[in-house]
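To start, the structure itself, in structure tokens.
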Amino acid sequence: MSLQKSWVESANSADTDFPLNNLPYGVFSSGGGEARCGVAIGDMILDATAAEAAGLLTMRGGPLLNAGVWNPVMAAGADVWADLRAQLTALLSHGATAQAALAETLVAQADVDMLMPMQVTEYTDFYAGRQHAENMGAILRGSAELPANWLHIPIGYNGRASSVVVSGTPIHRPNGQSKAPDAALPSFGPSKRLDIELEMGAIVGTPSPMGTPITVDQADDMIFGYVLLNDWSARDIQGWEYQPLGPFQGKAFGTSISPWIVTAAALAPFRTPTPQREHALLPYLASTTDGLFDIELSVLMQPAGAATATKLTTTNYSRMYYSAAEQLCHHAVGGCGMRTGDLLGSGTISGPSKSEYGSLMELSWAGREPFTLDTGETRTFIEDGDTLTLRGAAIADTYRIGFGDCAGTILPAAPMPHNAQDKG
Ligand code: MN
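So the sequence shown is numbered by our numbering: it starts at 5 and just counts up by one.
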């Protein structure tokens, strides 16, 4: 694992998130112009839409790079993914003959807006972090004992694709129904316990038809890449609504993803095994694949007007109990069709110590233990104006594979429409 040198000088720095080894896929717009497919290289973006139009990139079955989203490439399958990555590596390598022509298609990341890299067709969120599940049990039920199914099933719920947004998109504090523990009846209003969940998102490239079970290895081959994912959560709304059918409005108001899809190919050198199981998984979930990745993750919080962000958490994706491939296999096994653009949230990623917890619910132990920011302010949950940022990178000796920030600022709750009574 060593740094591959590029003729784009900023891509050769040891601390760039986007060396030639990475080549993540995003969508950008210059000056409010059309959405264009781009590839991050150092502090620049290769305009892949322009490169394809100029004949510098040739896609099998193409053109595939002019849709303003990566879904056509994602649907085209692993051979096309490998071919595109090989072309990009050759074009951007130090000494490439196409350098002069390709330089015309580079734009500075600082000069563009990042848009959603894909159309999210479906969104499912899992609960595959053991430490998180044990912490939530201790907080909510007074016992860290896992639910009886947890060591056997990758637990999940079907979420909302309509509220998945790209990093930088502000999120309104949700209005909703909740019931305080000492209240006789529920009340309605802005959430008072607004939280994050530090997760990775796996993106399905090649689809699987309805009624067709897949193996874990097939599932692994269907995954196009990964993003950072913040599953914003309103704990008070969630706590009132979630039994017996699971999360609903407490999780439906916003899910943020990082702007760059880091491919499974770029992450291949960082694969790690799933942990030892005290119960072997049932045979349909059995696999020899090392389906997790060594990706260092952190969470930062910055109040409105503060000069600096405070790092709340540092943890690692390799701590998860189930891999995305195992989750995808389980998702499809009963007959559920999986689509190009299906997004699978890993579940909150928490490590064993408090400095590794991936949600404020855990960091403040349900609000009972406020924590202090570098500004001197304290927090239990998110205040209006706070910006929460997830960061992540797989780190080798001479390079890093980064994702770009996954950030969101919380706005006050949206005003309620007048109801019929008010209109009178
Ligand atoms: Mn979640």
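Backbone N, C-alpha and C fix where the C-beta goes; we use that ideal spot for every residue, glycine too.
For residue i, the residue or residues it bridges with in DSSP
i, result
"Phe4", "Nothing about residue 4 can be reported from this structure: the residues present for the chain run from 5 to 428 only."
"Leu110", "Leu50"
"Arg398", "The displayed chain sequence assigns Ala, not Arg, to residue 398. According to DSSP, which records beta bridges pairwise, Ala398 is partnered with Ile405."
"Arg275", "Phe297"
"Asn179", "Pro194"
"Leu202", "Asn234"
Near ligand 1: residue i beta-carbon under 7 Å from a heavy atom
i, result
"Asp346", "no"
"Thr128", "no"
"Glu203", "yes"
"Thr352", "yes"
"Gly349", "yes"
"Asp115", "no"
"Asp2", "Any answer about residue 2 is impossible in this case: the structure gives the chain only from 5 up to 428."
"Asp186", "no"
"Asp235", "yes"
Three-state secondary structure assigned by DSSP to residue i
i, result
"Asp426", "The predicted model places Asp426 with a pLDDT of 49, which falls under 50 and marks its position as unreliable, so this point remains unresolved."
"Arg145", "helix"
"Thr173", "coil"
"Gln306", "strand"
"Val124", "coil"
"Tyr288", "helix"
"Val266", "strand"
"Val233", "It is Leu, not Val, that sits at residue 233 in the sequence shown. In this structure, Leu233 counts as strand in the three-state DSSP scheme."
"Ile218", "coil"
"Phe32", "strand"
Residue environment, residue i, which counts as buried when at least 16 other CB atoms sit within 10 Å
i, result
"Gly428", "Per-residue confidence for Gly428 stands at a pLDDT of 39, beneath the threshold of 50, marking its modelled position as unreliable; the derived number appears in the next sentence. Exposed."
"Asp426", "For Asp426, the predicted structure reports a pLDDT of 49, less than 50, and the residue's modelled location is therefore unreliable. The matter cannot be settled from this model."
"Glu201", "buried"
"Ala284", "exposed"
"Gln247", "exposed"
"Ile399", "exposed"
"Thr352", "buried"
"Thr109", "buried"
Beta-carbon proximity check, residue i vs residue j, cutoff 8 Å
i, j, result
"Asp240", "Ser195", "yes"
"Leu301", "Thr319", "yes"
"Gln135", "Ser291", "no"
"Ile159", "Tyr131", "yes"
"Met48", "Val111", "yes"
"Ser171", "Ser182", "no"
"Thr382", "Ala18", "no"
"Leu377", "Thr314", "yes"
"Pro211", "Gly341", "yes"
"Arg197", "Phe385", "yes"
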